[in-house]
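Asks: The opening position of the sequence shown corresponds to residue 1 in the UniProt record's numbering, with each subsequent residue numbered one higher.
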Amino acid sequence: MTEKEAYRYLENKISEETEMEFIEIRALRTLLFNGELFIVTFLDTEGYLTCYEARIHNNSIVFYKFLTETYQKKFNEYGVFPYINTTLFYQINSFRYFSSSMFVYDFNHDGDDEILKFSAGNGVLYFILSFDFMNNKYKWLLTINNVFPYTQPAFEFILFKGRQGIKVYEHDYSTDNNEWCFYYYDRIQQKYVQDENASSEELEQIHGSPDFFAEAGIDYTKLERPLVPSDLEGFSKAALRIWRNAVYARHGRTFRSEDLQALFNEYAWYKPDNEYTDDKLTDIDRANIKLIQEFEKK
């Protein structure tokens, strides 16, 4: 049984048993599938997210259990996440989520979603996990143990020396010291690696922007055609700024603003061109810039 077959089977089975109506198939999200066990989230027509776990036996699905309670779309409404009203809270507020401590986003900007997991015990554990659904494989992109303290955010997305990454407050048992560390995504190693040259003292003074993930939800391929107002509705001023500058970035423009340059550097499609001029802009580009600017003025 393929993942797609399993996923449709479970949709039909749950619909029959619960008499719930679900949003079209593309809104479903398979979070884990290894040939035997998979976890699926269903988004219903009232905006509630429900999670189920199922197992495969003799090439058919055995409905296994209802995995979590039903959560509403925004995790700030149910108060389980411990870092309410912090920079980290606002940074990840736009992510899709699987539960109150597991969030879905394309962290390495490769077109595929990863999962950020937060858990607590003796200290805090964070990890980012990448799934290869087609080949039923997964890969740890980042795992951080011994993060302190639990009551305050010891994890934040920041911009450090022109590079996007993660600032973490870790406990070193060998020295019994706490220190700030910086991790960034290395495309060659295909995982997050620590910047050994980043000092704890430097990192302590750097704080992330609540708009760090303002690009969430932007579909850059839409810039290949004339934008229409509905493409831009609902985006924040910070997101509209990225929309507008992405028009230039598609032609290789480099940016004086460190945050924009660091963001576009994360995308494989971005090819910096030191000889860029606005002459490279097409009529479609100019029309799109004008429309975006109109939205920015609202």
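Glycine residues also receive a C-beta, built at the ideal position from the N, C-alpha and C atoms.
Using DSSP bridges, identify the partner residues of Q159.
Replies: Working through the sequence shown from its first residue, we reach residue 159 at position 159. One detail in the question is off: residue 159 reads as Leu in this sequence, not Gln. Looking at the DSSP assignment, L159 forms a beta bridge with Q164.
Asks: Smallest Cα separation from L240: which of R253, Q293, R225?
Replies: Working through the sequence shown from its first residue, we reach residue 240 at position 240. Of R253, Q293, R225, the residue nearest in Cα terms is Q293.
Asks: Kindly list the residues whose CB is nearer than 6 Å to the CB of N108, restricted to its own chain and excluding five residues on each side of it in sequence; keep chain order.
Replies: Your numbering for residue 108 matches position 108 in the sequence shown. Y185, listed in sequence order.
Asks: Near Q261, what residues of its chain come up, given a Cβ to Cβ distance below 7 Å and the 5 sequence neighbours on each side ignored?
Replies: Here residue 261 is taken as the residue at index 261 of the sequence shown, counted from 1. Here the set comprises G162, T254, F255.
Asks: The beta strand (DSSP E) spanning V228 covers which residue range?
Replies: As a position in the sequence shown, residue 228 is number 228, starting the count at 1. That residue, V228, is in no beta strand (DSSP E); it is neither H nor E in DSSP.
Asks: Among I218, E170, L142, V228, whose alpha-carbon lies nearest the alpha-carbon of K290?
Replies: Counting from 1 along the sequence shown, the entry for residue 290 is found at position 290. Of the candidates I218, E170, L142, V228, the one whose C-alpha sits nearest the C-alpha of K290 is V228.
Asks: Roughly how many angstroms lie between the CA atoms of I284 and R225, to the nearest whole one?
Replies: Along the sequence shown, one-based indexing puts residue 284 at 284. Along the sequence shown, one-based indexing puts residue 225 at 225. The alpha-carbon atoms of I284 and R225 are separated by roughly 7 Å.
Asks: Quick one: grab the DSSP three-state call for Y105.
Replies: As a first step, residue 105 must be located in the sequence shown, where it is residue number 105. Residue state, collapsed to three classes: strand.
Asks: If you reduce the DSSP assignment to three classes, tell me which class W269 lands in.
Replies: Translated into positions along the sequence shown, residue 269 becomes position 269. Three-state result, W269: coil.
Asks: Report the rounded CA-to-CA distance for G208 versus L281, giving the unit in angstroms.
Replies: For the purposes of this step, residue 208 is taken as the residue at position 208 of the sequence shown. For the purposes of this step, residue 281 is taken as the residue at position 281 of the sequence shown. Taking the straight line from one Cα to the other gives about 32 Å.
Asks: Could you give the DSSP three-state label for D143: helix, strand or coil?
Replies: One-based indexing of the sequence shown puts residue 143 at position 143. Residue identity differs from the one stated: residue 143 is Thr in this sequence, not Asp. Looking at T143 - three-state DSSP - the assignment turns out to be strand.
Asks: Suppose you measure from the CA of D278 to the CA of F160; what does that come to, to the nearest Å?
Replies: Indexing the sequence shown from 1 puts residue 278 at position 278. Indexing the sequence shown from 1 puts residue 160 at position 160. Cα-Cα distance, rounded: 29 Å.
Asks: Assign I292 to one of three DSSP states: helix, strand, or coil.
Replies: Along the sequence shown, one-based indexing puts residue 292 at 292. Note: I292 maps to helix in three-state DSSP.
Asks: Give the range of the alpha helix (DSSP H) segment to which K237 is assigned.
Replies: Here the question's residue 237 lines up with position 237 in the sequence shown. Unbroken alpha helix (DSSP H) run through K237: 237-249.
Asks: Please state if the CB of W180 and the CB of E204 are separated by a distance shorter than 7 Å.
Replies: Locating residue 204 in the sequence shown gives position 204, where the first residue counts as 1. Locating residue 180 in the sequence shown gives position 180, where the first residue counts as 1. Yes. Within cutoff.
Asks: Go to F89, then tell me how far its alpha helix (DSSP H) extends in each direction, as first and last residue.
Replies: The residue given as residue 89 occupies position 89 in the sequence shown. Run containing F89: 87-92, per the alpha helix (DSSP H) assignment.
Asks: Determine the DSSP secondary structure at L116, reduced to helix, strand or coil.
Replies: Position 116 of the sequence shown, counted from the first residue, corresponds to residue 116. Residue state, collapsed to three classes: strand.
Asks: Pick out whichever of R250, L142, D211, F295 has its Cα sitting closest to the Cα of K117.
Replies: Within the sequence shown, the letter at position 117 stands for residue 117. Residue L142 is the option with its Cα nearest to K117.
Asks: Could you tell me the alpha carbon to alpha carbon distance between K191 and D211, rounded to whole angstroms?
Replies: In the sequence shown, the residue the question calls residue 191 occupies position 191. In the sequence shown, the residue the question calls residue 211 occupies position 211. Those two C-alpha atoms are separated by around 23 Å.
Asks: Taking the beta strand (DSSP E) that E179 falls in, what are its first and last residues?
Replies: Position 179 of the sequence shown holds residue 179. Start and end: 177-186.
Asks: With L203 as the anchor, note down where its alpha helix (DSSP H) starts and where it stops.
Replies: Counting from one through the sequence shown, the residue named residue 203 turns up at place 203. Taken as a continuous stretch (DSSP letters only), the alpha helix (DSSP H) holding L203 covers 200-204.
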